[in-house]
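Enquirer:
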Amino acid sequence: MVTVLYFARLREALGTASEQLALPESVIDLAGLRQALVGRGGAWAQELAEMNRVRAAVNQEMASADTPVNDGDEVAFFPPVTGG
Amino acid sequence: MVTVLYFARLREALGTASEQLALPESVIDLAGLRQALVGRGGAWAQELAEMNRVRAAVNQEMASADTPVNDGDEVAFFPPVTGG
Amino acid sequence: MTVRIQTEDFDVGAETAAMRKDNPSIGAIASFVGVVRDMNEGDAVSEMTLEHYPRMTERSIEQIIGQARARWNVIDALVVHRVGVLKPTDQIVLVVIASAHRGDAFAACEFVMDYLKTQAPFWKKERTRQGSRWVDARGADDVAAERWQLKGR
Amino acid sequence: MTVRIQTEDFDVGAETAAMRKDNPSIGAIASFVGVVRDMNEGDAVSEMTLEHYPRMTERSIEQIIGQARARWNVIDALVVHRVGVLKPTDQIVLVVIASAHRGDAFAACEFVMDYLKTQAPFWKKERTRQGSRWVDARGADDVAAERWQLKGR
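Just so you know, the protein sequences line up as chains A, B, C and D, in that order.
Numbering of the first sequence is given in this note's numbering, commencing with residue 30 and proceeding in unit increments.
Numbering of the second sequence is given in this note's numbering, commencing with residue 30 and proceeding in unit increments.
Numbering of the third sequence is given in this note's numbering, commencing with residue 53 and proceeding in unit increments.
Numbering of the fourth sequence is given in this note's numbering, commencing with residue 53 and proceeding in unit increments.
#1: Quickly, what does DSSP pair Arg8(D) with across the bridge? List them, please.
#2: Going along the region 113-147 of chain D in order, which residues come within less than 8 Å of chain C, judged by CB to CB distance?
#3: At what residue ranges does the region 109-184 of chain D contain a whole run of the alpha helix (DSSP H), taking only runs of 4 or more?
#4: Below 8 Å on the Cβ atoms is my guess for Glu67(D) versus Leu138(D); work out the distance and round it to an integer in Å.
#5: Quick check: the region 158-165 of chain C against the region 75-84 of chain C, are there 3 or more CB pairs under 8 Å?
#6: Quick one: measure Cβ to Cβ for Thr59(C) and Val148(C), integer angstroms, because I've assumed they're closer than 8 Å.
#7: Flag this pair as yes or no: are the beta carbons of Asp166(D) and Ala196(D) separated by less than 8 Å?
#8: Name, please, each residue of chain A whose Cβ falls closer than 9 Å to the Cβ of Phe158(C).
#9: Identify which residue in Gln143(D), His153(D), Arg185(D) has its Cα closest to the Cα of Ile78(C).
#10: Does Asp95(D) come within less than 8 Å of chain C when only Cβ atoms are used?
#11: Cα separation between Arg185(D) and Ala42(B)?
#12: Give the DSSP bridge partners of Phe36(B), in chain order.
#13: Following the continuous beta strand (DSSP E) through Arg69(A), name the residue where it begins and the one where it ends.
#14: Taking the alpha carbon of Gln182(D) as the reference point, which residue from Val64(D), Asn75(D), Ser98(D), Arg72(D) has its own alpha carbon closest?
#15: Could you pull out every residue in the same chain whose Cβ sits closer than 6 Å to the Cβ of Met53(C), ignoring the five residues on either side in sequence?
#16: Please return the same chain residues whose Cβ sits closer than 6 Å to the Cβ of Ile113(D), not counting the five positions on each side in sequence.
#17: Measure the alpha-carbon distance for Thr45(B) versus Ala72(B) and round it to whole angstroms.
#18: Hey, out of Thr170(D), Leu168(D), Ala152(D), whose CA is closest to Arg72(D)'s CA?
#19: Here's the rule I'm using: 16 or more other beta-carbon atoms within 10 Å means buried, otherwise exposed. How should Asp156(C) be labelled?
#20: Using beta-carbon positions only, say whether Asp95(A) and Ala60(A) come within less than 8 Å of one another.
#21: Determine whether the beta carbon atoms of Val110(A) and Thr170(C) lie at a separation below 8 Å.
#22: Taking the alpha helix (DSSP H) that Ala66(C) falls in, what are its first and last residues?
#23: Would you kindly check if the distance between the Cβ of Leu50(A) and the Cβ of Val67(A) is under 8 Å?
#24: For Gln49(B), which residues does DSSP report across the bridge?
#25: Leaving out five residues on either side along the sequence, give the residues of the same chain with a beta carbon under 6 Å from the beta carbon of Val33(B).
#26: Which chain A residues sit within Cβ distance under 8 Å of Phe174(C)?
#27: When you compare only the Cα positions, how much space is there between Met80(A) and His133(D)?
#28: In terms of alpha-carbon separation, which member of Gln75(B), Ala78(B), Leu77(B), Met91(B) lies closest to Tyr105(D)?
#29: If you reduce the DSSP assignment to three classes, tell me which class Ala42(B) lands in.
#30: Nearest to Asp90(D) by alpha carbon, out of Ala96(C), Gly94(C), Ile57(C), Asp74(C)?
#31: Work out the CA separation of Arg123(D) and Lys203(D) for me, nearest whole Å.
#32: Using alpha carbons as the reference points, say which of Thr109(C), Val88(C), Ala96(C) lies closest to Thr180(C).
#33: I'd like the list of long-range same chain contacts for Pro175(B), defined as Cβ closer than 7 Å, with 5 residues on each side in sequence excluded.
#34: Using CA atoms only, rank isn't needed, just tell me which of Glu76(A), Gly70(A), Phe107(A), Gln75(A) is closest to Met108(C).
#35: Closer than 8 Å, Cβ to any Cβ of chain B: which residues of the region 64-97 of chain D, in chain order?
#36: Just tell me which of Arg199(D), Asp63(D), Arg154(D) has its CA closest to the CA of Val7(D).
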C-alpha cells in the first residue's frame, strides 16, 4: 500500500485529498504510478496526463519520473507551487 | 559673514561647534576658506590640512574645493560619514 | 532557526526584537513581509486561500534556510508563513535574517524569499468577481530563483 | 515618504503595519534594521554615541529616497535614524520600502541603506575599554554604494 495525497487544484478536480492504494506489481517508479492513475480515465486522465502542470513528491521530497515508489511510501501530486 | 559648523572629531579637536566668520576678501571658494582656517595654525592646521580626512558642505549640500562660498552661506566641515 | 506555518497573523517588530535581544553580535536584520494585494493580473481580488502540504512544507523551508546558512553569514533566521483565508492588506509571509553585516542579511533574505516562491509547497486560490481561481505559477519567480545558481556571493 | 531623526526607539512592526493599511496595492515590504554590535574591529564596545547634522541629514536622506523612487517601483518609503547614546542590541536605523513586488522592495531597501552608510551625515563614537574613539569610515561601505552606479536594474 502507498498513501497518495492530492493538493490544491488537483484535490478539487479529483474530489479527494488522499487515498490508500495497493501498488500494482508493474509499478516501480513515479512515472508508473502516474500512468496507473491516468488509466482511471475521466478527471484522472485530464489532470495527471500533462506532466508540466503537475509536480510530485515521494516521502515529502520533490520527485521526478524515475523516482522509485515502494510499499509504505507517501506520494503527493500537486500543481506548481504559488507560495509567498 | 559666514556660519561655519564643525562636527564629530573636528568639533572636539577644535573645541567649537560653530562660529560666525567675516569672510576675508580673497576667499571665493571652499578651498580658500579652508586655507584661511588652516592659517590659524595649531589644531586648525592639524585637522583641516589633510583634505582626505575632511568633508565639507555648503548650504547643506556636499561641496568640493571649488564650490563658491559667499556672504550668508552656511559652511560645515566634518569627517567622512559613518552612519547606519 | 525557526519555521512556523500558522493561520494567525505575526508581528515583525516582536520577532526581530526577540532575535536581537538574544545575540549582541547581530548588526543587521533584513526582513521581508509579503502582503495580499487587492489586484492580480488585472482583476480585483477580494480574498485568497492558502493551502500547504503539512510537514513537507516545513521541511523544505528548513532546507532552504540551511542553504542560505551555507552561503552567507547567518546568525539567526525566521520564516513564518500563513495559511487559510486572507484578505487584501493582510500579511502572508515573513522572512527575517539576522547577520553581523547587512550585505549577508539582504542576500540571504532575498534568497529565501525567491526559493519560498518557487519551491515551498504552497498554493493560492483567489476570489474575484468572476469567482474563485487557483493562481498559476509565475515565470518571473522561477527566473528570480534561478539567478542564485549563477551568481557568486 | 517619511524621514525621521530621533533619540527614541522605533518599532518595525508598527511602522510596516501603518504602511500596509494605507495602500492595498502593496504586495511586498522589505525592511532593514541596523543594530549596535558589542564588538567592532576586535574591541568590545560598551556604548556608542551618534551625531548628525540637523536639516542636512534629513535632506540628504530625502534625496536618496528620491533616487530610489526614480529607479524602482516604490509605493512608500520610511527611514528612521536614531541619534544620541546607544548600547549593544539597541536599534540604530530602520529602512522600510513598500512596493508591488519583492524585487523592487529589496533593491530599493538595500540601495537606501548603502547610501545611508556612505553619504548621510552621521558620525559614530564608540566607547571601549581603551576609552572613546570616533569610528573611521569603512572602505567596504564605499564599495557597496559604488556598485549601484555600475549595475542596471
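By construction, the Cβ of each residue, glycine as well, lies at the ideal position given by its N, Cα and C atoms.
Since we're looking at a predicted model, the values are computed, not measured.
Expert: The relevant details are as follows:
#1: Because chain D in this structure spans residues 53 to 205, residue 8(D) falls outside the shown range and cannot be described.
#2: Cβ contacts with chain C: Pro140, Thr141, Gln143.
#3: Within the region 109-184 of chain D, the complete alpha helix (DSSP H) segments of 4 residues or longer fall at 154-170, listed in chain order.
#4: Going by Cβ atoms, the distance from Glu67(D) to Leu138(D) rounds to 18 Å, so no, they are not a contact pair.
#5: Contact between the region 158-165 of chain C and the region 75-84 of chain C is present, because at least three Cβ pairs lie under 8 Å.
#6: That pair is no contact at about 20 Å.
#7: Yes, these two residues count as a Cβ contact at 8 Å.
#8: Neighbours of Phe158(C) on chain A: none; closest Cβ ~17 Å, over 9 Å.
#9: Selected option, being the one with the closest Cα: Gln143(D).
#10: False, the Cβ-Cβ gap to chain C never drops below 8 Å.
#11: The alpha-carbon separation between Arg185(D) and Ala42(B) amounts to approximately 12 Å.
#12: Phe36(B) has no beta-bridge partner at all, per DSSP.
#13: From DSSP, Arg69(A) is part of no beta strand (DSSP E); its letter is neither H nor E.
#14: The candidate whose alpha carbon is nearest that of Gln182(D) is Ser98(D).
#15: For Met53(C), same chain residues with a beta-carbon under 6 Å away, outside a window of 5 residues either side, are Ile117, Ala129 in chain order.
#16: Correct list, in chain order: Val55, Val131, Ala172.
#17: Spanning the two alpha carbons is a distance of roughly 11 Å.
#18: The shortest Cα separation from Arg72(D) among Thr170(D), Leu168(D), Ala152(D) belongs to Ala152(D).
#19: Burial is judged here by how many other beta carbons sit within 10 angstroms of a residue's own beta carbon; Asp156(C) has at least 16 and is buried.
#20: Note that the C-beta distance between Asp95(A) and Ala60(A) is below 8 Å.
#21: Yes.
#22: Note, Ala66(C): alpha helix (DSSP H), 64-74.
#23: Their beta carbons are not under 8 Å apart, which means Val67(A) does not touch Leu50(A) by this criterion.
#24: Thr32(B), per the DSSP bridge assignment.
#25: The residues are Glu48, Leu50, Val104.
#26: Within chain A, the residues Val110, Thr111, Gly112, Gly113 have their CB atoms less than 8 Å from the CB of Phe174(C), given in chain order.
#27: If I take the Cα positions, the gap works out to 52 Å.
#28: Per the Cα distances, Met91(B).
#29: If DSSP states are grouped into helix, strand and coil, Ala42(B) belongs with the helices.
#30: Comparing Cα positions, the closest option is Asp74(C).
#31: Its pLDDT being 42, under 50, Lys203(D) is placed unreliably by the model, and the measurement read from it follows with that caveat. Distance between the alpha carbons of Lys203(D) and Arg123(D) is about 12 Å.
#32: Residue Ala96(C) is the option with its Cα nearest to Thr180(C).
#33: Since the displayed chain B opens at 30 and closes at 113, residue 175(B) lies outside it and no answer follows.
#34: The candidate whose alpha carbon is nearest that of Met108(C) is Phe107(A).
#35: Here the close residues are Gly86.
#36: No statement about residue 7(D) is possible, as the shown extent of chain D runs from 53 to 205 and does not include it.
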